[in-house]
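Notes follow the structure.
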Amino acid sequence: MSNSEIAVRVEGLGKRYLLPHQGQRKGLDLARSHLAEFLPFLAHEEQDYFWALKDVSFELKRGDIVGILGRNGSGKSTLLKILSGITLPTTGRAELHGRIGSLLEVGTGFHPDLSGRENVFMAGALLGLKQREIRARFDEIVDFAGIEKFIDLPVKRYSSGMYVRLAYAVASMLRSDILILDEVLSVGDASFREKSQKNIESIANDGRTVLFVSHNARAVRSICKSGMILDAGNCTFQGSTHDALAKYMQDLHHFDEDVPQLPGHTAYSDIADVPRLTSGSPVLRWISTHSDDGTETRQFKTGESMIVRIAYEGATAPEPYFAVLLQNEFAERVATVHSTHDARAVTFPRSGVIECRIDDLRVGEGIYHLMIDYGNYGGARANLTSLDCVPNAGSIVVSLNDYVGGVGFDGYQGAVHRSAWTLIDGSRHQ
Amino acid sequence: MTLKIIEAKSRRTLPDLGEVWQHRELGLLLTYRQIAGRYKQMLLGGLWAVLEPLATLALMTVVFGAVLRVDTNGFPYPVFAFAGLIPWLLFSRATQAIAGSLQENMALLSKVYFPRLILPMVALFRELFDSLITVAILIILAAVYGFFPSWKYLLILPALAMVGLGAAAIGLWVAALMVRLRDIRPLLTIVLQAGMYLTPILYSPSMVPERFMPIYQLNPMYWAVELFRWILLGQDFHLTPSFYVAMGLTLVLLVTGLFVFSVYEKVTVDVQ
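These protein sequences, in sequence, are chains A and B. Positions in the first sequence are counted from 1; adding 224 to them yields my numbering. Positions in the second sequence are counted from 1; adding 14 to them yields my numbering.
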């Protein structure tokens, strides 16, 4: 790779913060750590520091679009702040070739008493735009935000929706060689979010280098060309967007660290002590997912079968039911699989392991969370009472494979149906 | 293609005035934002900028002019005191504004990059703007008492700018120290209050014993106040060696302040 192709080069980047008052300290030692905060020449000890980012290295070529994934506190924001120049690293260095534009918050610099028009220029200048650039695109900004009538009103009179739309519209004018974007798609209503995502996609496809942080996996998937995972300040994964998202979802659901992370690993998760909604003592113990032949797996294909095994203890409900609920990455339910849907009456003992077999999984490509629910079925639908529910019991990765032929389909468009298309009248409208 | 290198040791860089110049549009807009923001939310708007110093002046006139009958070298007390009060108010407010400029704008600092030196500059410009309003009243007040504008009035603007630089000299130091020691701010308030009495605003310097004069005149604000009275009232103005020492010290403080500020502003976001 020649040097001119590199847009961002990060080498051993690290950032530590001073946290002098943690841990067990007594007497002189405590006094020293307090004093050292004000008098830097009294050296700090390693335990006084917290590393928000540790030894992160990567290279981005011109036109790379990388999604940065990680839980809260994993160092994503610190990394973006360092690259934006807001804070300096403690170790390492970063080279950025080209004009940098960063958007870490929508609406920075907005003043409630100033008009929308004044705020557009203010916020634009803070993003590094020249006044004449903003003037040239002013109408475009106002149009994007859809607030022509209110542009000369103070923004404190705006609804919160209008406010964020205008703020985002200004930011959408950012046209730097290197773009640093943090959670910019979390504003506005669903239709505005879609508009913003299209806007970012078009900016990104313009040959710019983009570092993109979002909790919206769909946006990461459709915008980014590669992915990176940060965990506790360390970069734990770099690779394709698909693999990064899959690994991130696994990490998120506390799958055992020792097992192989991708295809074919043990798909077992202990849910006896995980966060849950329960009235009384937990009943659900563990779950595992299996393919048709019984092998444990988390990888499934649309149209093929999936088996979920659930172990439970102390199910004292008079008429117990169990349910497997599939949710997509936006926590929207896409499938409900319920033991009461089975026409054959099954009796569940107080404790045991049950198996739920789904013959044809009809969800599209994507990562799905499994929610497992146990409760009492009072003889009618209206009387279902949930007694122990684990919202995040695990996750599965589904690939569309060749269930339907032809072109694209993703997991966000409802159930997948095979269909046949025939021309029955070609003479109309001629 | 621009190349930006970020590394740990850039902590020790010098103040980058070229970068400030590149961001001049932002500086102007931030100044406008602060001025407009301040006046738009107040019902009486710009009137407050006028009423506040006038109220102070009225109190001073009653206490020192009418009751205590302080010596004013023969000038009417209100115009004598106001000519001293205007530069002092600019100095005192600008020092505090510059000192607090990093803390006040933490919301911006932690989200956007721009040369941080813009913030104290914006604070200074905001206070200079306010003092233009009070200077206008001062000129009217002087005319009411029979002191009419002359060519010397052209010196008012450079004089205000010099007071502003003096405020920056102290303000930048305090802003830098405040990054680590937040407690310095109340201390600054006390020092400024003491400074007001150590400067010949309420009284004439002729009341100060002759042997203290060389030390008394080391206060740069002594010279600012005397300069204003010379411009507006035609009071005598003699330069003494103390003047050069005072100006030299201010300049040293200003230059070192710039350096200390640009070292410490880099850790503001981390210790907020």
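Positions of the beta carbon are idealized from the N, C-alpha and C atoms, including for glycine. Treat the numbers as computed from the prediction; the structure is a model and nothing was measured.
- Taking a contact as a CB-CB distance under 8 Å, the pair GLY352/A and GLU235/A does not count as one, their CB atoms being some 25 Å apart.
- Proximity to PHE162/B across VAL84/B, LEU71/B, VAL93/B peaks at VAL93/B, based on C-alpha coordinates.
- For GLY185/B, the secondary structure class from DSSP, reduced to helix, strand or coil, is helix.
- For PHE96/B against LEU152/B, the beta-carbon gap comes to about 5 Å, under 8 Å, which counts as contact.
- When ILE447/A, PHE416/A, ASN343/A are compared, the shortest CA-CA separation from ILE424/A is found for ILE447/A.
- Inter-segment contact for the region 637-644 of chain A and the region 571-588 of chain A is present: three or more beta-carbon pairs are separated by less than 8 Å.
- Under the DSSP assignment, GLU418/A falls in the alpha helix (DSSP H) whose first and last residues are 414-428.
- Within the region 20-46 of chain B, the alpha helix (DSSP H) runs of at least 4 residues that lie entirely inside it are, in chain order, 31-36.
- ARG500/A and ASP337/A have their C-alpha atoms roughly 45 Å apart.
- The contact set of LYS280/B on chain A, defined by CB atoms closer than 7 Å, consists of LEU312 in chain order.
- Taking each of PHE143/B, PHE78/B, LEU186/B in turn and checking the Cα distance to PRO134/B, the smallest one comes out for LEU186/B.
- Secondary structure of TYR382/A (DSSP, three-state): coil.
- Along the region 137-161 of chain B, there is no position whose C-beta sits under 8 Å from a C-beta of chain A.
- HIS514/A is bridged by DSSP to GLU520/A, ILE531/A.
- Restricting attention to beta strand (DSSP E) runs no shorter than 3 residues, the region 283-308 of chain A encloses them at 289-293, ordered along the chain.
- Inclusion of LEU409/A and ALA369/A in the CB contact set at 9 Å is not warranted, their separation being larger than that value.
- For TYR545/A, the three-state secondary structure derived from DSSP is strand.
- Residues of the region 358-382 of chain A whose Cβ lies closer than 8 Å to any Cβ of chain B, in chain order: PRO378.
- For the region 30-64 of chain B, the residues whose beta carbon sits under 7 Å from a beta carbon of chain A are, in order, GLU39, LEU40, LEU43, ARG47, ALA50, GLY51, LYS54, GLN55.
- Ranked by Cα distance from LEU350/A, the first of VAL274/B, VAL281/B, LEU43/B is LEU43/B.
- In the DSSP assignment, the residues bridged to TRP275/A are ARG240/A.
- Within the region 195-274 of chain B, the alpha helix (DSSP H) runs of at least 4 residues that lie entirely inside it are, in chain order, 198-212, 227-230, 234-247.
- Closest option to ALA231/A, judged by alpha-carbon separation, among GLU329/A, ALA535/A, GLU319/A, VAL498/A: GLU319/A.
- Judged by DSSP secondary structure, PHE78/B falls outside any beta strand (DSSP E); it is assigned neither H nor E.
- DSSP links PHE436/A through a beta bridge to GLY291/A, LEU405/A.
- Scanning its chain for C-beta atoms nearer than 7 Å, with the 5 sequence neighbours on each side dropped, one finds around ARG140/B the residues THR45, GLN48, ILE49, ALA111, in chain order.
- The beta carbon of ALA121/B sits closer than 9 Å to some beta carbon of chain A.
- Listed along the chain, the chain A residues whose CB falls inside 9 Å of the CB of GLU118/B amount to none; the nearest CB is some 13 Å away.
- With respect to ILE404/A, SER281/A sits apart: the two C-beta atoms are not nearer than 9 Å.
- Taking the Cα positions, GLY180/B is about 36 Å away from LEU327/A.
- When the alpha-carbon of VAL366/A is set against those of LEU293/A, LEU377/A, TYR382/A, VAL394/A, the nearest one is in VAL394/A.
- For PHE368/A, the enclosing alpha helix (DSSP H) covers residues 355-369.
- Contact between LEU293/A and ILE453/A holds: CB atoms are separated by about 5 Å, below the 8 Å threshold.
- The DSSP-derived three-state label of ALA121/B is helix.
- Among the residues of chain A, those whose CB is under 7 Å from the CB of SER124/B are ILE310, following chain order.
- Taking a 10 Å sphere around the C-beta of SER619/A, we find 16 or more other C-beta atoms and assign the residue as buried.
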